[in-house]
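The structure under discussion appears below in the form of structure tokens.
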Amino acid sequence: MFFIAWRIGVTDRDRISLCLEKVESTTFGPLDLLPRRDLAEKLIELVLSGPPEQIPRAALKDLTELAEAITGTGTSDVKLVVFGGGTGLSNVVGGDSRNPGWRFSPFQGLKKLFPATRAITCITDDGGSTGELLKDLPIIAVGDIRHVLLSSVQRSILKEKFGLGDSEALAVVDGLYSLFNHRFSDRPESPAEIIRDTGADLSIFPLMMRESLLRLISLLFSHRVPEGLLKRNHCLGNLLIVASIYLNRTLNDEAVIRGIQFVAEVIGANPDAVLPCSSTPAQLQVLYSNGVLVTGEEKSGKARRGYPVDRVFVRFSGVPVVPEKVIGAIKEAEILIFAPGSLYTSIIPILHVPGIAEAVRRNQSALKILVANLWAQEGETDLARDEPHRRFYVSDLIRAYDRNIPSGIKDLFHHVLVLGLKDIPGSVIQNYAVEDKVPIYLDRSRVREMGLFPVEAGIFSQDALRERLVVQHDPGAFATAVHTLWAVKDFLGSERHDYEGTISSEGHFPLIIGRQSMCGRLHAMERRLEELDISGRIKGRLSEIFWKHKDIMPAHLDFMNGLRLVEPSQWSRCQKWDNILSFFDPLDGLVKIRKDVTDMSGAFETALLVALGQSLLGNYTLSKKMRQVEENGVTLGKTFYLELRPEHERKCFLSGDELREYLLLSRMNPTGEDGLVYSRLINGIEGFTPPGLLFGLMYAWYLDNRFDVYTEYKMSIMRADMSDLIPEQVKIFKRRKAMIDFFRRVVFRLDDAGGYG
């Protein structure tokens, strides 16, 4: 009867049901012969690797039929939405389209088994070519969009739309790879030069594809695209998307979506294959547990603060707009996947866009999968908040999502797909350890306690491991695992309870809307630099430094008149208290840096930021003096006196109250009744850091702790466990924390929830 029913065409679900019923009908059945623990894991293993060798013929037959029933489940019309950014998203959609080997096997991944796949990308990237674009244009980051668009090219579309055969389709994809990944550093003079330098043979492209791409390339040299765009280092694929957006003449939300759709259709992807999570430009902000808040995805990714991330925020340049197609795709999706990738810079920013997380939660019928990252990345997932020195687990990853997503992880995902570490040779893991990368370990029982279903599978690329000793998700194996979960979802356990996260009910994620785009801020600072007495050669370096440190406000340049490089032979500043080769001179309003420092990029940046920080205090002092403290002819120490200039005569970034707050934090004590004189007692022959210098050092340290080893050492007490035995330690800790909070809140105008605007 079983085979009769099979022949007369029962549904895919019925076939799986009959097979499962048969193999589960005995006490020890064929499923027990499969490796892995749970049913989902066993079935994925069965489909990926086939039945085990040398098992009884009847069991082999039953398992083979089950595998065929699963793989035969149709998915051509299944609506799948995958969220993410960068290489992780591109790889699972259709392979890493930046990898040279991709062009030889481009038709793989989710798009192969689920041709209706839509990718929703993050838009907060500000590094590389994308960052160069953001210096000139008030648009969203397009780097991830370009990366995933190319990965989304489908063989079936190239065949049906353009009439290409298999070999012709591969040749066209090879040309698209060369075009979209071509980078140039010198300004090209013509469209012909760009095409020649890519090495792509456009003559093999279908006519519509060739003409459309030529039109976009030509547009880069027209008045339609902002002048000067080609002067920076760029990736041509990013410029093609920008040109497509500017085809619409008016840069608005609709133009962004239409521009991306046009490129998708031109290269052989579905029109809605890739959608940005928002058409409004945005920046990532990372708040560390010591109170420092850093703006910028690239900068936070390179930061080495030594403290775990406390919260992540997104600052939009205007009221965020979510494309209707994004909400519609989520609403209709039958499968929702959160792709692997950087923890704080891919998934979390997407879910901060108003409406997206709620749309996912409202879709109660979809299969929802979180794909766990493979490795703990230094500066991101390597520091667990409760025990910073232990290794990182999948449950830590989930808690990080719960803490940083508005309303937590409730109803966002139910299954957690994890790469099985036991399939990775220990020698390969050791090689990663040398690079300060360690695996994220699956703590299965803890994940289950969170109400989630962990699914461990061998979904890594055997070719990448064999050829390059690299561990990464295999697009084909990953898609097969998702296909299997989809096919058998009705037969998996469905009981779950909501995870009662640590902050889901109390997390504060206000909508942060800035007043300027990134290019608007940079242009404002460059206009201010033009007004200052600074040589042209140095202005370019300053502009790059200000772009890198996005928390520097344009208003921070209002208290200096210029910058002067001083020959070492003419450097007369007293170095009694420090060896810092820069300072702000309130007499002429100039930042002064010893000229030989300019040859050392890191040293110059540090010197500039210290002096710039000092300039914010302006002419706040009227006088400074030091008096010896003696008793019975013995010098016990000295007292430093600082007299403030009256507030109406003061040119200072800080208000009167803010200045008093800072002086108290710097351990200056008010002396006298007028509130203008402060003093500090210094013991014996000890030195101290005057308030002006301390302000500059803190300014530079806040922007990047690697600039100032001295302040980093002073702040290191905050990493130590507090002890009731030494009350002074607690006082120092609180004072250091208050100083950081002051700089975040007052100097950089950043509160606990993001930026100044």
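Residue numbering for the sequence shown follows the working numbering, beginning at 149 and increasing consecutively.
Ideal Cβ placement from N, Cα and C applies to all residues, glycine included.
Just so it is clear, the structure is predicted and the values come from calculations on it, not from any experiment.
Could you give the first and the last residue of the continuous alpha helix (DSSP H) run that contains residue i?
{"i": "S730", "result": "Per DSSP, S730 belongs to no alpha helix (DSSP H); it is in the beta strand (DSSP E), 730-733."}
{"i": "A340", "result": "339-346"}
{"i": "V411", "result": "401-415"}
{"i": "E791", "result": "Taken as a continuous stretch (DSSP letters only), E791 belongs to no alpha helix (DSSP H), being part of the beta strand (DSSP E) at 782-792."}
{"i": "A635", "result": "623-636"}
{"i": "T269", "result": "Here T269 belongs to no alpha helix (DSSP H); instead the beta strand (DSSP E) covers 266-269."}
{"i": "N386", "result": "384-394"}
{"i": "I700", "result": "Looking at the DSSP string, I700 is not in any alpha helix (DSSP H), and its letter there is neither H nor E."}
Measure the C-alpha to C-alpha separation of residue i and residue j and round it to an integer number of angstroms.
{"i": "L531", "j": "V460", "result": "Its pLDDT being 49, under 50, L531 is placed unreliably in this model, and the value from its coordinates should be taken loosely. Going by the C-alpha atoms only, they are around 15 Å apart."}
{"i": "I888", "j": "H295", "result": "38 Å"}
{"i": "L194", "j": "S691", "result": "57 Å"}
{"i": "M748", "j": "K882", "result": "36 Å"}
{"i": "L306", "j": "L312", "result": "6 Å"}
{"i": "S300", "j": "L228", "result": "13 Å"}
{"i": "R592", "j": "R510", "result": "27 Å"}
{"i": "L499", "j": "R685", "result": "42 Å"}
{"i": "T219", "j": "Q431", "result": "42 Å"}
{"i": "L441", "j": "D681", "result": "31 Å"}
{"i": "R798", "j": "R689", "result": "30 Å"}
{"i": "D284", "j": "G376", "result": "8 Å"}
{"i": "E316", "j": "E413", "result": "18 Å"}
{"i": "V171", "j": "G568", "result": "25 Å"}
{"i": "L261", "j": "S173", "result": "31 Å"}
{"i": "W523", "j": "V586", "result": "5 Å"}
{"i": "S871", "j": "L824", "result": "37 Å"}
{"i": "C167", "j": "P204", "result": "17 Å"}
{"i": "R867", "j": "P468", "result": "37 Å"}
{"i": "D180", "j": "L208", "result": "12 Å"}
I need the boundaries of the beta strand (DSSP E) containing residue i, first residue and last residue.
{"i": "V229", "result": "228-232"}
{"i": "H563", "result": "563-567"}
{"i": "M774", "result": "769-779"}
{"i": "F601", "result": "601-605"}
{"i": "V739", "result": "738-742"}
{"i": "V714", "result": "710-714"}
{"i": "V422", "result": "422-424"}
{"i": "T819", "result": "817-819"}
Flag this pair as yes or no: are the beta carbons of residue i and residue j separated by less than 7 Å?
{"i": "T769", "j": "L784", "result": "no"}
{"i": "A848", "j": "T754", "result": "yes"}
{"i": "A666", "j": "P702", "result": "At residue 666 the sequence reads Met, which differs from the Ala that was named. Contact: no."}
{"i": "V564", "j": "A520", "result": "yes"}
{"i": "L423", "j": "V390", "result": "no"}
{"i": "P263", "j": "S224", "result": "yes"}
{"i": "A267", "j": "V241", "result": "yes"}
{"i": "S426", "j": "V501", "result": "yes"}
{"i": "G127", "j": "L765", "result": "Within the shown structure, residues of the chain are numbered from 149 to 905, placing residue 127 beyond reach of any answer."}
{"i": "E445", "j": "T272", "result": "yes"}
{"i": "V508", "j": "I546", "result": "no"}
{"i": "T819", "j": "S827", "result": "yes"}
{"i": "D162", "j": "T221", "result": "no"}
{"i": "A348", "j": "L327", "result": "yes"}
{"i": "D342", "j": "P336", "result": "Strictly speaking, residue 342 in this sequence is Ile, with Asp absent from that position. Yes; because the gap between Cβ atoms is below 7 Å, this pair is in contact."}
{"i": "S465", "j": "P429", "result": "yes"}
{"i": "G761", "j": "G844", "result": "yes"}
{"i": "G624", "j": "Q256", "result": "yes"}
{"i": "S814", "j": "L792", "result": "no"}
Does the ligand ZN have even one heavy atom less than 6 Å from the beta-carbon of residue i?
{"i": "G688", "result": "For the ligand ZN, the structure offers nothing, since it holds no ligand at all."}
Runs of beta strand (DSSP E) wholly within the region 275-313 (minimum 3 residues, chain order): none
The region 218-234 in contact with the region 487-499 per 3-pair CB rule at 8 Å: yes
Continuous alpha helix (DSSP H) assignments of at least 4 residues falling wholly in the region 174-222: 187-197, 205-219
Sufficient close CB pairs (3 or more, under 8 Å) joining the region 694-704 to the region 850-863: yes
Runs of alpha helix (DSSP H) lying entirely within the region 829-894, each at least 4 residues, in chain order: 839-851, 857-863, 875-890
Touching by the beta-carbon criterion (3+ pairs, under 8 Å), the region 508-523 and the region 552-566: yes
Contiguous alpha helix (DSSP H) assignments of at least 4 residues, all confined to the region 474-558: 496-499, 504-510, 542-552
Sufficient close CB pairs (3 or more, under 8 Å) joining the region 452-459 to the region 427-438: yes
Any alpha helix (DSSP H) of 4 or more consecutive residues that is wholly inside the region 430-456: 445-450
Segment contact, 8 Å Cβ cut-off, at least three pairs: the region 626-643 with the region 597-605: yes
Touch test, the region 349-356 against the region 376-383, Cβ-Cβ under 8 Å, three pairs minimum: no
The region 730-745 touching the region 705-719, judged by at least three CB pairs closer than 8 Å: yes
Cβ contact check for the region 594-603 and the region 181-189: 3 or more pairs under 8 Å: yes
contact_flag[the region 363-371, the region 385-402] where n(CB pairs < 8 Å) is 3 or more: yes
The region 806-814 contacting the region 889-896, beta-carbon criterion three pairs below 8 Å: yes
Segments of 3+ residues assigned as beta strand (DSSP E) that fall wholly inside the region 656-685: none
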